[in-house]
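Accompanying notes for the structure given below.
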Amino acid sequence: VKQTVMTSVYGVTFVGARQQIQARLKERNALPEEMRYRAACYAARSTLQGLDEMFTNAREVMDWLGEAASIVATTGDSVRWRTPLGLPVLQPYRRRGRKIVKTILQNFIVEYENDTLPVCLLFTDPGV
């Protein structure tokens, strides 16, 4: 469960935690294959519940920061702040633009990035 605990600060989900634990069980050949999934589910649920109980205030702050980042992102601005040391932090996550290029032989899609594209809400919250 070490990997699950270490990645919890990045917002690991139940599915991600279960997959991490299941992979470690498989690496160690710890249980028969038919028992790994259920054991990983139990361990992931117990681990995430324990983390929530131990770090309630930290989880509440993370949730609040995520909500604040989502609100800022809906305005079209990148999420930015300064650390206690005064270092600037910027989340430049924007959607990618797409252009379809049609030729005689084939069609293909070209993706591009620039600062005028809308903020990508999917990547804004987990990065806080």
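With our numbering, letter number 32 in the sequence shown gets 38, and the count goes up by one each step, no holes.
Even for Gly, the Cβ is constructed at its ideal location relative to N, Cα and C.
In terms of CA proximity to Asp121, Gly103 leads the group Leu91, Gly103, Ile110 and Gln112. Rounded to the nearest angstrom, the gap between the Cα atoms of Glu73 and Ala79 is 10 Å.
With fewer than 16 neighbouring CB atoms inside 10 Å of its own CB, Ile115 falls in the exposed class. Counting C-beta pairs with one atom in each stretch, the region 39 to 56 and the region 15 to 29 have three or more that are closer than 8 Å, which means they touch.
Restricted to the region 81 to 106, the beta strand (DSSP E) segments that are unbroken, complete and at least 3 residues in length are 85 to 88 and 94 to 97, listed in chain order.
Around the Cβ of Gln97, a 10 Å sphere holds 16 or more other Cβ atoms; the residue is buried.
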